[in-house]
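Reading through the structure tokens given below for one structure.
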Amino acid sequence: MSSFAGRMKEYPNMSLDRFDRENLHARAYFLSHCHKDHMKGLKGPLLKRKLKFSLTVKLYCSFVTKELLLSNPKYAFWEDHIVALELESPTLITLIDEASGEREELVVTLLPAGHCPGSVMFLVEGAQGTVLYTGDFRLAKGDASRIEPLHSGSRVKDIKSVYLDSTFYDPRFYQIPSRETCLHAIQGLVQDWVSRSVYHTVWLNCKAAYGYEYLFTNLGDEFHTQIHVNSLDMFKKMPEILSHVTTDRASQIHACRHPKGEEFVAACRLPCGSSSSDGTPLNIISIKPSTMWFGERTQRTKVIVRTGASSYRACFSFHSSYSEIKDFLSYLQPVNIYPSVVPIGRTHADVSQLLKSMCRDVSSSAVVYRPLGALKRTRPEQQTHGEDLEEEERGGEERDLEEEERGGEERDEGSVSNSGPPPRWEEFFTTEILTDSQPNSCSHTSPSHSTLTGSQTPELFVDDFVKLPSPSISLSAGRGPSQADGMLIQSEDRCQGDALTNLDAGGEECGSHTHQSEPTESQLSSDFDIPSTPDSHRPGPDELSDLYRRLAAGEEVVTRTGSQSL
Ligand SMILES: [Zn+2]
Ligand SMILES: [Zn+2]
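Per the numbering used here, the very first residue in the sequence shown carries number 1199; after that it's consecutive.
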């Protein structure tokens, strides 16, 4: 649920995905996709009034978003003020202050967001730098490298700020199975059920929002059928989707909603009230696509979990997972990251803190050596062995930087973890088996794992009620990194997840940094035990004090002995 207030620090004259309050004064509006939490104020009377008297204010979005928006008559007044833009096609947009005539030019590029039909990210380039507003997004690992407008030649653009969909930026959602993996699991379950008889019917218990069309179109293709939905109006101009949905209730696969929005479905009754033509009772299973629910499991689960006699949860996400977001950010290396969403059960401070390690100034300090020289010996208790080695290599610099950079390094450990392998889930979990005793009761479950100590119902995690072919894809089989798609790895708490990652990375790449114990006297003195330069000697106390005196007086201190310099 986006809590983005609508304006970016760099370009406050444009408003994105918020249309109320101070956004009423914006010179241009941008809509990333048609989900309500991104449309606050969009049909408000104040904005409507503003449009009436404005010649220049426009709403920019994708062509699909425009269609979806205008399919709802409440937004019809926008029709003459919408400018639909092509994907990945940079467009010069001039923001004009209608009172003063002041102008500001920006180049805006729509990028695919992979969230729902029409969803885009906005890349904005102008005098205040390049910024990216992601809206809601789900990009798989490596996707960012394939988005051309994020690059300038072969390099990634210098991105100042990312306004981020941080819905699952939480180690509980370390990895979410890919859309394909989830789809195949659902297809398997549907296949097994609908092939039993024409009276066996599936109800997809989807929220009333865009984003499940991927499921509808693929299931429709697979089973050569159309999915029953309440209305086709919004898809009128989208043949790809339209051909896979129907208002004919005779379908064996339904995604219709109850008029009152009730989620409960009786075993022989669909939300649309459809029944078999000959009066034979229908056998109905419900499949509820969920992500949050899976993130709350404290035990490894399958992609599909049976939650009741005829109800299932299927993992399905249209937001990027924790590791997908990390991959995205470590590729872009923005200077600033502003979370637009606070993950459930977390605070804004939590997510901001976690994101700090992904900002460029922090990660780049990983390669900045710390100053050293003799002065460090005045505070030996703060040095680690590994630091000594680095500092010897680079020689002394201003000591004033030391504390600042030391703080940086502690955060670096988080960035180092990016390159480490994903945590082994076995180390994440308690052996306690978590189950739910009531179907569908899970949506009310507290997100806090500490409260998840429900009764153990052995049948919950097994699919023995109906014999399924293999709709459930085990998350435990390891097949190397690519297997990550099939896994939903959760941790009991976020810190644990990061800690494990850090350990892995530390063990392989920066073992010396993980050496935290204070150096002993012998370790300190060992700094002097490096081989001497030929023909040189270790200065005695008298020579040193003379040297310091000359340095303080600003005298030349270079002495020459043959070809050697001191
Ligand atoms: Zn959304
Ligand atoms: Zn129906």
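Idealized CB from N, CA, C, for every residue including glycine. Given the structure is predicted, the values throughout are model-derived calculations rather than measurements.
Candidates the options: closest to residue i by CA position
i	options	result
Leu-1362	Lys-1458, Thr-1379 and Met-1319	Met-1319
Ser-1230	Cys-1470, Leu-1440, Pro-1310 and Ser-1528	Pro-1310
Glu-1296	Leu-1253, Glu-1438, Ile-1482 and Ser-1488	Leu-1253
Ala-1224	His-1233, Cys-1232 and Leu-1249	Leu-1249
Leu-1765	Ser-1550, Ala-1547, Ile-1542 and Leu-1530	Outside the displayed range of the chain (1199 to 1764) lies residue 1765, so it cannot be described from this structure.
His-1398	Ala-1751, Gln-1389 and Gly-1493	Gln-1389
Cys-1470	Glu-1323, Pro-1457 and Leu-1480	Pro-1457
Asp-1235	Ala-1342, Phe-1492 and Ala-1407	Ala-1407
Cys-1380	Ile-1523, Arg-1301 and Lys-1486	Lys-1486
Lys-1435	Leu-1268, Gly-1477 and Pro-1739	Leu-1268
Gln-1373	Asp-1476, Ala-1342 and Thr-1499	Thr-1499
Val-1322	Met-1212, Arg-1344, Ser-1521 and Glu-1300	Met-1212
Gly-1418	Gln-1497, Leu-1348, Leu-1293 and Leu-1440	Leu-1440
Thr-1445	Ser-1350, Ser-1472, Val-1533 and Ala-1325	Ser-1472
Thr-1365	Val-1533, Ala-1751 and Glu-1522	Glu-1522
Arg-1377	Val-1360, Tyr-1412 and Pro-1369	Tyr-1412
Glu-1208	Val-1262, Glu-1302, Thr-1478 and Tyr-1520	Glu-1302
Ile-1482	Val-1501, Tyr-1510 and Arg-1344	Tyr-1510
Gln-1326	Ala-1342, Gly-1493, Met-1206 and Ala-1507	Met-1206
Met-1765	Glu-1277, Phe-1251 and Phe-1202	No information on residue 1765 is available, as it lies outside the stretch 1199 to 1764 that the chain covers here.
Val-1533	Arg-1544, Ser-1555 and Phe-1228	Ser-1555
Arg-1558	Lys-1272, Ala-1274 and Val-1360	Val-1360
Cys-1404	Arg-1495, Ser-1484, Ala-1274 and Gln-1551	Ser-1484
Gln-1167	Leu-1245, Ser-1475, Phe-1421 and Arg-1370	Since the first residue shown for the chain is 1199 and the last is 1764, residue 1167 is missing from the structure and cannot be characterised.
Lys-1241	Ser-1260, Tyr-1258, Trp-1276 and Pro-1210	Trp-1276
Phe-1261	Pro-1210, Ser-1317 and His-1422	Ser-1317
Tyr-1258	Ala-1507, His-1422 and Leu-1308	Leu-1308
Exposed unless 16 or more other CB atoms sit within 10 angstroms - verdict on residue i
i	result
Pro-1243	exposed
Pro-1375	buried
Arg-1247	exposed
Leu-1658	In this predicted model, Leu-1658 has a pLDDT of only 27, less than 50, meaning its place in the structure is not dependable enough to derive any value.
Val-1396	exposed
Asp-1525	buried
Asp-1744	exposed
Ser-1488	buried
Lys-1339	buried
Leu-1698	Residue confidence is low: Leu-1698 scores 33 on pLDDT, short of 50, so the model does not pin down where it sits. No coordinate-derived value is stated.
Tyr-1746	exposed
His-1546	exposed
Asn-1221	buried
Asn-1270	exposed
Ala-1766	A query on residue 1766 cannot be resolved here, the shown segment of the chain reaching from 1199 to 1764 and no further.
Asp-1431	exposed
Gln-1748	The question names Gln, but residue 1748 is Arg in the sequence shown. Classification of Arg-1748: exposed, given that the 10 Å Cβ count is below 16.
Pro-1739	exposed
Pro-1770	Here the chain has residues from 1199 to 1764 only, and residue 1770 is not among them.
Gly-1351	exposed
Lys-1264	buried
Arg-1394	exposed
Phe-1433	buried
Leu-1742	exposed
Ser-1251	Looking at the sequence provided, one finds Phe at residue 1251 rather than Ser. Exposed, since its Cβ has fewer than 16 Cβ neighbours within 10 Å.
Gly-1299	exposed
Gly-1493	buried
Ala-1751	exposed
Thr-1505	buried
Arg-1447	exposed
Ala-1507	exposed
Cβ separation of residue i and residue j, assumed to be a contact under 8 Å, to the nearest whole Å
i	j	result
His-1313	Gly-1409	7 Å
Leu-1468	Trp-1391	14 Å between Cβ atoms; not a contact.
Ser-1200	Val-1539	6 Å
His-1233	Val-1255	Contact doesn't hold; Cβ gap of about 22 Å is too wide.
Val-1306	Ile-1294	Incorrect: roughly 15 Å between the Cβ atoms, too far for contact.
Ile-1542	Leu-1553	Actually they are not in contact, since the Cβ atoms of Ile-1542 and Leu-1553 sit about 17 Å apart, beyond 8 Å.
Pro-1288	Pro-1347	7 Å
Chain C within 7 Å of residue i, Cβ atoms only
i	result
Ser-1393	Of the protein chains in the structure, only one exists, and it is not chain C.
Exercise. So which residues put a beta carbon under 5 Å from any heavy atom of ligand 1, going in chain order?
Worked result: His-1233 and Asp-1334
For this session: Report yes or no: do the region 1266-1285 and the region 1209-1221 share at least 3 C-beta pairs separated by less than 8 Å?
Result: no
Problem set entry | contact_flag[the region 1343-1359, the region 1369-1385] where n(CB pairs < 8 Å) is 3 or more | no
Problem set entry | the region 1323-1342 touching the region 1516-1529, judged by at least three CB pairs closer than 8 Å | yes
For this session: Spell out a yes or no on whether the region 1439-1454 and the region 1415-1426 are touching, meaning 3 or more CB-CB pairs, one atom from each, closer than 8 Å.
Result: yes
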